[in-house]
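Beneath this line is the structure, given in structure tokens, with notes to follow.
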Amino acid sequence: SVRASPPREAGSEANNMAAATAADAENLTDPLLRGAARLRSAPPLEKASALAIGPEDVAAAAERVAKLTNRTPVLTCRTIDSQVFGDDDGRILFKCENFQRVGAFKFRGACNAVAAVLERKREEAGTAELAPVRFVTESSGNHGQGLALAAKLQGHPAVVVVPNDAPKVKVEAMEGYGAEVVQVPPEERKSECQRVVAETNGTLIHPSNEPLVMAGQGTAFLELWEQAVDLGVEKLDVI
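Following the working numbering, the numbering of the sequence shown begins with 462 at its first residue and continues without gaps.
Right, here's the structure in full:
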């Protein structure tokens with residue numbers, strides 16, 4: 462069996478990232494934070510659009526979520542390698558995000574979005590103490606679970622609008638993480654989500670069309686990138 466690393470403790474490397482450079486990256490033991498340091502020092506890339514994210518967004522996400530996410534394992538299988546590559550030296554690396562909190566990489570994106578919104582609100586308010594921020598989303602499963610747990614861990618409520626045909630186990634998981642679950646016919650989920658946001662002054666975290674969520678999901682690759690180096694794989698041809 463394989464056991465994922467537990468969520469990172471507060472303090473340690475995660476608190477020292479502001480001054481991290483490419484040279485510092487070599488001294489970081491956490492692959493996610495090591496990758497973030499490398500991205501911080503990389504030449505800037507021009508974004509393709511207002512919605513696109515860049516390396517700096519993923520680096521910032523890594524620093525936000527490092528204390529809350531699991532460092533999920535990377536596994537290999539020689540049998541599969543031989544079936545795919547034959548006698549060549551190719552390797553397939555399996556990034557096992559099923560060992561992530563809520564059982565999916567979606568926790569990364571939700572966690573980053575919640576943390577970033579709270580950062581912004583604290584800056585705007587000029588105080589570390591905030592009134593409860595109600596996070597709202599629509600989801601059939603994993604993103605809703607991720608947002609529910611991310612909001613709970615950071616001390617704020619969440620509302621998840623789900624289609625009434627969503628898997629029961631997913632709905633129960635959202636409720637178990639403390640979210641208020643609103644079930645509606647599938648065709649009404651978007652309008653109901655908009656209604657909840659309007660009536661509760663909630664903060665919408667879209668499951669996919671949200672740069673903060675995208676950047677958070679990107680930390681899965683960032684972690685894989687560094688773990689691959691640790692496994693002796695210097696170049697990843699396809700992700």
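From the three backbone atoms N, C-alpha and C, an ideal C-beta is built for every residue, glycine too.
Which value, in whole angstroms, describes the spacing of the CA atoms of F555 and E660?
Stepping through the sequence shown from its first residue, residue 555 is reached at position 94. Stepping through the sequence shown from its first residue, residue 660 is reached at position 199. Rounded to whole angstroms, F555 to E660 spans 43 Å at the Cα level.
Specify, as a first and last residue, the run of the alpha helix (DSSP H) that P624 falls within.
Here residue 624 refers to the residue found at position 163 of the sequence shown. Boundaries around P624 are those of the beta strand (DSSP E), A619 to P624, since no alpha helix (DSSP H) includes it.
Near L665, which residues of its chain fall below 6 Å by C-beta distance, leaving aside the five closest residues on each side in sequence?
Here residue 665 refers to the residue found at position 204 when the sequence shown is read from its first residue. Within the same chain, L665 has close Cβ partners V597 and V658.
Using 7 Å as the threshold, is the C-beta distance between A574 and L673 below it?
Here the question's residue 574 lines up with position 113 in the sequence shown. Here the question's residue 673 lines up with position 212 in the sequence shown. Taking 7 Å as the Cβ cut-off, A574 and L673 qualify as a contacting pair.
Output the distance between the C-alpha atoms of A676 and V694, rounded to the nearest integer angstrom.
Here the question's residue 676 lines up with position 215 in the sequence shown. Here the question's residue 694 lines up with position 233 in the sequence shown. If I take the Cα positions, the gap works out to 24 Å.
Going by DSSP, name the residue or residues bridged to F546.
Here residue 546 corresponds to residue number 85 of the sequence shown, with the count starting at 1. Within the DSSP bridge table, the entry for F546 names no partner.
Comparing C-alpha positions only, which one of Q561, N603 and A527 sits nearest to G496?
For the purposes of this step, residue 496 is taken as the residue at position 35 of the sequence shown. Relative to G496, the option among Q561, N603 and A527 whose CA is nearest is A527.
Please state the DSSP three-state secondary structure of A480.
Position 19 of the sequence shown, counting from 1, holds the residue named residue 480. With a pLDDT of only 46 at A480, under the threshold of 50, the placement of this residue in the model should not be trusted; the figure read from the coordinates follows. Here A480 sits in helix by DSSP.
Going by DSSP, what residues sit across from Q644 in a beta bridge?
In the sequence shown, the residue the question calls residue 644 occupies position 183. V623.
Identify the continuous alpha helix (DSSP H) that holds T680 and give its terminal residues.
Within the sequence shown, the letter at position 219 stands for residue 680. Residues P672 to D691.
Residues near K651 by beta carbon distance below 8 Å, same chain, minus five either side:
The residue labelled residue 651 in the question sits at position 190 within the sequence shown. Within the same chain, K651 has close Cβ partners E599.
Is the distance from the Cβ of V622 to the Cβ of C572 below 7 Å?
For the purposes of this step, residue 622 is identified with residue 161 of the sequence shown, where counting begins at 1. For the purposes of this step, residue 572 is identified with residue 111 of the sequence shown, where counting begins at 1. Cβ atoms of V622 and C572: not closer than 7 Å.
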